[in-house]
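Colleague:
Residue numbers (my numbering): 218 to 473.
1. Cα separation between residue 289 and residue 320?
2. Please report how far the alpha carbon of residue 351 lies from the alpha carbon of residue 323, in whole angstroms.
3. Is residue 232 buried or exposed, if buried means 16 or more other CB atoms sit within 10 Å of its CB?
4. When the Cα atoms are used, what is the spatial distance from residue 334 to residue 235?
5. On the criterion of 16 or more Cβ atoms from any shown chain inside 10 Å, does residue 354 qualify as buried, or is it exposed?
6. Keeping to the same chain, check which residues put their C-beta closer than 6 Å to that of residue 377; ignore five residues upstream and five downstream.
7. So for residue 282, helix, strand or coil by DSSP?
8. So if DSSP puts residue 158 in a beta bridge, which residue, or which two residues, is it bridged to?
9. Could you check whether residue 223 and residue 278 sit closer than 8 Å to each other, using their CB atoms as the reference points?
10. Can you tell me the Cα-Cα spacing of residue 280 and residue 455, whole angstroms?
11. So, under 8 Å CB-CB, residue 349 and residue 239 are touching, yes? Tell me the CB distance rounded to an integer number of Å.
12. Taking the alpha carbon of residue 264 as the reference point, which residue from 245, 273 and 275 has its own alpha carbon closest?
13. Using CA atoms only, rank isn't needed, just tell me which of 293, 316, 336 and 286 is closest to residue 300.
14. Return the residue from the list 389, 444, 221 and 338 that minimises the CA-CA distance to residue 276.
15. Within 8 Å, do at least three Cβ pairs link the segment 355-375 to the segment 327-347?
16. Jot down the residue ranges of each uninterrupted alpha helix (DSSP H) in the segment 349-393, minimum 4 residues, whole runs only, in chain order.
17. Keeping to the same chain, check which residues put their C-beta closer than 8 Å to that of residue 411; ignore five residues upstream and five downstream.
18. Quick check on residue 320: does DSSP put it in helix, strand or coil?
19. Which partner residues of residue 263 appear in the DSSP bridge assignment?
20. First and last residue of the alpha helix (DSSP H) that includes residue 408?
21. By Cβ distance below 7 Å, which residues in the same chain neighbour residue 219 in space, the five residues on each side in sequence not counted?
22. Compare the C-alpha of residue 408 against each of 438, 423 and 386 and name the closest.
23. When we look at the beta-carbon of residue 358 and count the other beta-carbons within 10 Å, is it buried (16 or more) or exposed?
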């Protein structure tokens, strides 16, 4: 199968890097032929002379352009191939109207971790997408991380839990690192300790049988240091603040 990318920003480049491990044939087009040629050379893929040439040549069209320019990019094109879109906030219904045809359309929502091939990616489809095509789409998203089939109505929640949360997790790591700095550790050392601990704890939860509360109970000794810290976190509203932040993220996403 030949997969074509219109628009090759950071996310599309990360996806292409993952796909190069597969047997898919990859071709790109960008805002100009020169830009496309430069990116194709850097990524080790082919380049089309124009967006329309790419559409005519491929079996599946991946849209990697920004949401605000999507309509201006697609309107001049005669679209005849199934579409996979990663444009944030652009619904299947809107894509169907833009395409002006009755095409199979798949929507995905990758996150920042695609750049290290560990994205958490949501995927959904319209009713024109066959099971076979949908499986191919999931092969694509699995090539740069883990795929979650999510109803489109829940994409805003997914955006909060997977798209925005890397920033919240990074903020937590930064706060823990500053705590180490406050108590005499060099900042770089504190960051490495905290980051490794967060990574290992996540792996422990994913690979083991424990749920988060189970792990909390195992770390917390009666009258010990951990429970003192946990109670202080709750006293200052840690859980409520986290949920409130997710609520705010979802509300903003719904009203973009």
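Don't be surprised by glycine CBs; every beta carbon is placed ideally from N, CA and C.
Modeller: The relevant details are as follows:
1. 19 Å
2. 8 Å
3. buried
4. 6 Å
5. buried
6. 463, 466 and 467
7. coil
8. Because the chain is modelled from 218 through 473, residue 158 falls outside the range shown and cannot be assessed.
9. yes
10. 39 Å
11. Contact doesn't hold; Cβ gap of about 16 Å is too wide.
12. 245
13. 316
14. 221
15. yes
16. 372-375
17. 390, 393, 394 and 397
18. coil
19. 244
20. 404-424
21. 242, 244, 274, 275 and 276
22. 386
23. buried
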